[in-house]
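Okay, structure first, notes after.
There are 2 protein chains.
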Amino acid sequence: MAYAYWKSGKHHEKAVFDLFFRKNPFQGEFTIFAGLEEVLTFLRNFSYSESDIEYLRVTMADTVEDEFFEYLSSISTTDVTLYAVDEGKVVFPRVPLMILEGPLIVVQLLETTLLNLVNYASLIATNAARYRMAAGRKIQLLEFGLRRAQGPDGGLSASKYAYIGGFDGTSNVLAGKLYNIPVKGTHAHSYISSYSSLAELQIETLQHKESGEVMNLKDRSLVWRELLSRELNILQSEASDGELAAYISFAIAFPTGFVALVDTYDVLKVYQGSVGQDILPRENNNNNNNNYYYYLSGLLNFCAVAMGLNDLGYRALGIRIDSGDLAYLSCVARTTFVTVAEKFNVEWLEHVQIVASNDINEETIISLNEQGHKIDCFGIGTHLVTCQRQPALGCVFKLVEINGEAKIKLSQDVEKVTCPGKKTVYRLYGEDGHALIDLMHRTQEAAPECGSRVLCRHPFQESKRAYVSPAQVESLHKLYWDEGKIQQKLPELTEIRDRVSSSLQTLRQDHKRNLNPTPYKVGVTDDLYNFLHDLWLQNAPIGELF
Amino acid sequence: MAYAYWKSGKHHEKAVFDLFFRKNPFQGEFTIFAGLEEVLTFLRNFSYSESDIEYLRVTMADTVEDEFFEYLSSISTTDVTLYAVDEGKVVFPRVPLMILEGPLIVVQLLETTLLNLVNYASLIATNAARYRMAAGRKIQLLEFGLRRAQGPDGGLSASKYAYIGGFDGTSNVLAGKLYNIPVKGTHAHSYISSYSSLAELQIETLQHKESGEVMNLKDRSLVWRELLSRELNILQSEASDGELAAYISFAIAFPTGFVALVDTYDVLKVYQGSVGQDILPRENNNNNNNNYYYYLSGLLNFCAVAMGLNDLGYRALGIRIDSGDLAYLSCVARTTFVTVAEKFNVEWLEHVQIVASNDINEETIISLNEQGHKIDCFGIGTHLVTCQRQPALGCVFKLVEINGEAKIKLSQDVEKVTCPGKKTVYRLYGEDGHALIDLMHRTQEAAPECGSRVLCRHPFQESKRAYVSPAQVESLHKLYWDEGKIQQKLPELTEIRDRVSSSLQTLRQDHKRNLNPTPYKVGVTDDLYNFLHDLWLQNAPIGELF
Numbered sequence: 000m001a002y003a004y005w006k007s008g009k010h011h012e013k014a015v016f017d018l019f020f021r022k023n024p025f026q027g028e029f030t031i032f033a034g035l036e037e038v039l040t041f042l043r044n045f046s047y048s049e050s051d052i053e054y055l056r057v058t059m060a061d062t063v064e065d066e067f068f069e070y071l072s073s074i075s076t077t078d079v080t081l082y083a084v085d086e087g088k089v090v091f092p093r094v095p096l097m098i099l100e101g102p103l104i105v106v107q108l109l110e111t112t113l114l115n116l117v118n119y120a121s122l123i124a125t126n127a128a129r130y131r132m133a134a135g136r137k138i139q140l141l142e143f144g145l146r147r148a149q150g151p152d153g154g155l156s157a158s159k160y161a162y163i164g165g166f167d168g169t170s171n172v173l174a175g176k177l178y179n180i181p182v183k184g185t186h187a188h189s190y191i192s193s194y195s196s197l198a199e200l201q202i203e204t205l206q207h208k209e210s211g212e213v214m215n216l217k218d219r220s221l222v223w224r225e226l227l228s229r230e231l232n233i234l235q236s237e238a239s240d241g242e243l244a245a246y247i248s249f250a251i252a253f254p255t256g257f258v259a260l261v262d263t264y265d266v267l268k269v270y271q272g273s274v275g276q277d278i279l280p281r282e283n284n285n286n287n288n289n290n291y292y293y294y295l296s297g298l299l300n301f302c303a304v305a306m307g308l309n310d311l312g313y314r315a316l317g318i319r320i321d322s323g324d325l326a327y328l329s330c331v332a333r334t335t336f337v338t339v340a341e342k343f344n345v346e347w348l349e350h351v352q353i354v355a356s357n358d359i360n361e362e363t364i365i366s367l368n369e370q371g372h373k374i375d376c377f378g379i380g381t382h383l384v385t386c387q388r389q390p391a392l393g394c395v396f397k398l399v400e401i402n403g404e405a406k407i408k409l410s411q412d413v414e415k416v417t418c419p420g421k422k423t424v425y426r427l428y429g430e431d432g433h434a435l436i437d438l439m440h441r442t443q444e445a446a447p448e449c450g451s452r453v454l455c456r457h458p459f460q461e462s463k464r465a466y467v468s469p470a471q472v473e474s475l476h477k478l479y480w481d482e483g484k485i486q487q488k489l490p491e492l493t494e495i496r497d498r499v500s501s502s503l504q505t506l507r508q509d510h511k512r513n514l515n516p517t518p519y520k521v522g523v524t525d526d527l528y529n530f531l532h533d534l535w536l537q538n539a540p541i542g543e544l545f
Numbered sequence: 000m001a002y003a004y005w006k007s008g009k010h011h012e013k014a015v016f017d018l019f020f021r022k023n024p025f026q027g028e029f030t031i032f033a034g035l036e037e038v039l040t041f042l043r044n045f046s047y048s049e050s051d052i053e054y055l056r057v058t059m060a061d062t063v064e065d066e067f068f069e070y071l072s073s074i075s076t077t078d079v080t081l082y083a084v085d086e087g088k089v090v091f092p093r094v095p096l097m098i099l100e101g102p103l104i105v106v107q108l109l110e111t112t113l114l115n116l117v118n119y120a121s122l123i124a125t126n127a128a129r130y131r132m133a134a135g136r137k138i139q140l141l142e143f144g145l146r147r148a149q150g151p152d153g154g155l156s157a158s159k160y161a162y163i164g165g166f167d168g169t170s171n172v173l174a175g176k177l178y179n180i181p182v183k184g185t186h187a188h189s190y191i192s193s194y195s196s197l198a199e200l201q202i203e204t205l206q207h208k209e210s211g212e213v214m215n216l217k218d219r220s221l222v223w224r225e226l227l228s229r230e231l232n233i234l235q236s237e238a239s240d241g242e243l244a245a246y247i248s249f250a251i252a253f254p255t256g257f258v259a260l261v262d263t264y265d266v267l268k269v270y271q272g273s274v275g276q277d278i279l280p281r282e283n284n285n286n287n288n289n290n291y292y293y294y295l296s297g298l299l300n301f302c303a304v305a306m307g308l309n310d311l312g313y314r315a316l317g318i319r320i321d322s323g324d325l326a327y328l329s330c331v332a333r334t335t336f337v338t339v340a341e342k343f344n345v346e347w348l349e350h351v352q353i354v355a356s357n358d359i360n361e362e363t364i365i366s367l368n369e370q371g372h373k374i375d376c377f378g379i380g381t382h383l384v385t386c387q388r389q390p391a392l393g394c395v396f397k398l399v400e401i402n403g404e405a406k407i408k409l410s411q412d413v414e415k416v417t418c419p420g421k422k423t424v425y426r427l428y429g430e431d432g433h434a435l436i437d438l439m440h441r442t443q444e445a446a447p448e449c450g451s452r453v454l455c456r457h458p459f460q461e462s463k464r465a466y467v468s469p470a471q472v473e474s475l476h477k478l479y480w481d482e483g484k485i486q487q488k489l490p491e492l493t494e495i496r497d498r499v500s501s502s503l504q505t506l507r508q509d510h511k512r513n514l515n516p517t518p519y520k521v522g523v524t525d526d527l528y529n530f531l532h533d534l535w536l537q538n539a540p541i542g543e544l545f
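Just so you know, the protein sequences line up as chains A and B, in that order. With numbering that gives the first Met the number 0 applied, the first sequence covers 0 to 545. With numbering that gives the first Met the number 0 applied, the second sequence covers 0 to 545.
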């Protein structure tokens, strides 16, 4: 295509392209724009290397002139101008996320990479922001997805944009190193199963946190297990010695960071009425005559080591549950902690963190909230990073103007008709600070003024019109790339992360809710409406029958 | 976790891990194993750089000893051994794709990367192989997915593994350059809409292919459009001059490679009985009294330029349809080509390629086959590269042996119980060359012999047993990494691609069909069955109630 542009002498023509999407992902009504910094880095580095040219020479037809390859090796983005929405802002269908102006051939060559960089970044950031809204502000969210991500770079991008979208950390250490994202993780089941017995413990001791006195954590943990077993009416035979050994070794390695995975060995024990303490009866138990009780056997070992650590002046951090009924099990765990904390006067134990993982998605979080749970932290992998519910955002890159002449792409599907010409977009806010509408203007039109009413039209439905008097008017795009240079100070990742949060706050709750959210309005001025429809008629040939 | 292993002196213990999945993707009953070469490259390069160590020093707790970081900077995969299935082979749940042996800490540190490299590669290769089976051998399949892929590297991996799975080419030029995959593509809608009129054509001429005589393609195309318009009873006013100009310029650039996108301007015209030639009446037309006819307006322009090229000794390659009813439109297009070819005695035009794109997936192809179509080539993007139907393969990495002692991971969900110990796996084939079962052995057991019956057991269902007399026995794993070196000659991409095809041929059709395929059998020997269940009982503590 680039060669055909060059061959027909069109490569110097000045083109304007809009990059936008047509539909918000995840059946929602908003999207977080992300990927801008990577786009700018790409623009800065864009060129064809000698080996690229050599490959193209070999691959393309023999008739392609040397001059084309010379031209190709000389191109850069110096003459390209990029207007973009700030990274991390909430955006909507049909509004350009980026507007690119420049020589037709250069801007066209950027298309696929720009789409690639924006599509996945925005999708992940949006997905993460939705998880954050579902979980609420107080819950810690960790990205655990690298092993299931679509390629190594898919995993890195996921960590970065999940953080921007509102996650608190990642288990991807390279992402931590490259992007300065907090790294968090726990051990895997294999750590537990690598121990068979207490005899395997090569180190049993640890220095007391304050006194420095060397004390035996294994002996203390065993004493506590005996005591707790009686207190909680759980048989010690239920708790694996290998698991206890693994916990003790992990606590010795990380006395201030001890988090235990509690479901390696047959996770759930069921007790009948006469046995075990009534920890928390299952409310929806079908058979109310039999009192069944449930218990996580790893909890006993965890509590034993946590109390052992307590003797040495340390506080355990918490547990991770990776299977079963997370709502119920987290309640069981919390009740256990409260029971032990009260009985032995160890107030902090009441509040240790309960981390839940295992195929969690937005719906799981919403469902857990409805059931009630005691989870403090979710570790989320596959569904977050692959965006299982919708693994691609459908951004497109459409020519809207060439040599000053507006262009329209028609389609039988009205949703696919493009909005022609270079446009300016304003976000209009109401008195209460909420965004009302994104209004697309032709560039020559005056900006809307605060307090003055402006006619907003639906781009395709003639009768849908409304006057809006904005309390605040925001120009959505900034000049980000011009004359071969980045034109704005680029924010830190944490600033983008804050922008996601504050931008979402400008959005009314009904646009953000999970079920049947209200579409946010995107409109055009009267001038642009008429321009669009005139051009449509000009370009749609008159047929015989409709 | 690595630090805890080191701290507790376990890092030198010799561990065996299995990498496997539990469920085939896409509701199918087979998976293509891919990613091995990248795994081997990773093993060869595995080490911690100075900056990695520096980052870890800053990030980890102050209590972590210098000796640990020294140890970490010294580790390599020299002591690691990797057995793997050949890349491109068909594989099944629970059978290890790779078996890793080595120092516990090293093998554990490899886990996430290995899973990442195998999961997506195998998923894409399997997806591509399924598309290939749905499309049949004769249809060309092109990967067009970069713009929607999950990150730049996700796009590259997609191109590579789609090719392995049976695709014929990619539109990703970098993938072409790096992996020597054929690159194929067509122009985009923006190429068409960059032209408004014939006056914009800066070059109108082209040399005759044989005689070298410079001739005017524009004039000839216009003459042909006039003629064809009458022949096909289509008004010339229906065909955009901008579109024609774009086609002519593209044909001049690529006289031997002219493929035209035919749906930029209002794609489908509907004619009533009295107007237009009966190109192909829609069979399922609800109202048979009115004869409605359908026509792609871009077809007229394409035929005009194709006939113009013919005058100059060239042959157009074909068209691309990117919207609408692909089955029906492809039939309309083919009928048009046949009509024109016969009328003007241009036999080759009958057979030009019809490329279809627009959100195609496996189900679309199957549905198009059922409806009947004349498509020769599919360009497939989003669904292929993101594996929309199931965007992650769930490979896991489980410890099965440590210091010679077999390990089992228990779970309430029987499907999640691991198969303990280091194993040897054989694929048993029947007389007709079809694979019958993958049989897992304990390593000390003798291999099955051709012609001798061997007892195969279901790993968990006691009563499911069968004798099999294999006509052929294949040991599934080869030693791929040992003593810090790759131990096998690695195949070219095309060899792996051939292996996918031949490996799938060993599979009975009922395992491969799209709807309700029969599960392929994976079994264990009697010895392994007993070993597994004894270990299970040893590790599951006796509770109070089941």
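The C-beta atom is built at its ideal place from N, Cα and C for all residues, glycine as well.
Cβ contact annotation for I202 (chain B) (same chain, cutoff 6 Å, sequence separation greater than five): I251, in chain order. For N118 (chain B), a Cβ of chain A is located within less than 7 Å of the residue's own Cβ. Within the segment 436–480 of chain A, the runs of beta strand (DSSP E) that reach at least 3 residues and sit entirely inside it are, in chain order, 453–456, 464–467, 471–474. Residues E28 of the same chain have their beta carbon placed closer than 7 Å to that of P518 (chain A), with the five preceding and five following residues left out of the count. By the criterion of a C-beta distance shorter than 7 Å, Q486 (chain B) is surrounded in its chain by L478, Y479, W480, once the five residues flanking it on both sides are discounted.
From the beta-carbon of G483 (chain A), no residue of chain B is found nearer than 9 Å; the closest lies around 22 Å away.
Positions of the beta strand (DSSP E) runs, each at least 3 residues long and wholly inside the segment 334–410 of chain A, are given as 352–355, 376–379, 395–401 in order along the chain. Of the other Cβ atoms in all chains shown, 16 or more fall within 10 Å of the Cβ of P469 (chain A); this residue is therefore buried. For A83 (chain B), the enclosing beta strand (DSSP E) starts and ends at 80–83. Among the CB atoms of chain B, none fall inside 7 Å of the CB of D375 (chain A). Distance from the Cα of V172 (chain A) is smallest, within the candidate group A:I374, A:Y190, A:E53, A:L141, for A:L141.
When 9 Å is used as the limit between beta carbons, F68 (chain B) is near no residue of chain A, the shortest such separation being about 14 Å. The bridge partners DSSP lists for Q486 (chain B) come to none. Here the alpha carbon of V222 (chain A) sits roughly 12 Å from the alpha carbon of A305 (chain A). From the listed residues B:I123, B:L155, B:S156, B:L116, the smallest Cα separation to L145 (chain A) is found for B:L116. The CB of E404 (chain B) comes closer than 7 Å to the CB of S195 in chain A, given here in chain order. Short of 6 Å from the beta carbon of S220 (chain B), and not among the five residues preceding or following it, lie these beta carbons of its own chain, in chain order: I247, A303, V304, G307. Annotated as distal: F301 (chain A) and A245 (chain A), with beta-carbon spacing of 7 Å or more. In this structure R426 (chain B) touches D437 (chain B) by the C-beta definition: roughly 5 Å separates them, less than 8 Å. Contacts with chain A at 7 Å (Cβ-Cβ) include A3 (chain B). In chain B, no part has a C-beta under 9 Å from the C-beta of L308 (chain A); the shortest such distance is about 14 Å. Of all residues in the segment 142–165 of chain B, the ones placed with a Cβ closer than 7 Å to any Cβ belonging to chain A are L145, R146, R147, A148, Q149, G150, P151, D152, G153, G154, S156, in chain order. Closest by C-alpha distance to Q504 (chain B), out of B:N538, B:R131, B:P92, B:T40, is B:R131.
Looking at the backbone, the Cα of L200 (chain B) and that of L514 (chain A) are separated by about 53 Å. Using a 10 angstroms sphere on the CB of L243 (chain B), the tally of other CB atoms reaches 16 or more, which defines it as buried.
Between K176 (chain A) and Y54 (chain B) the beta-carbon gap is near 4 Å, inside 8 Å, which marks them as a contact.
Contact annotation: L398 (chain B) and N538 (chain B) have beta-carbon atoms that are not nearer than 7 Å.
When 9 Å is used as the limit between beta carbons, T381 (chain B) is near these residues of chain A: P390, A391, G393, in chain order. In this structure L113 (chain A) touches L18 (chain A) by the C-beta definition: roughly 6 Å separates them, less than 8 Å.
Cβ contact annotation for S195 (chain A) (same chain, cutoff 7 Å, sequence separation greater than five): G241, in chain order. Under the Cβ distance rule, F249 (chain A) counts among the residues neighbouring chain B, one pair being separated by less than 7 Å.
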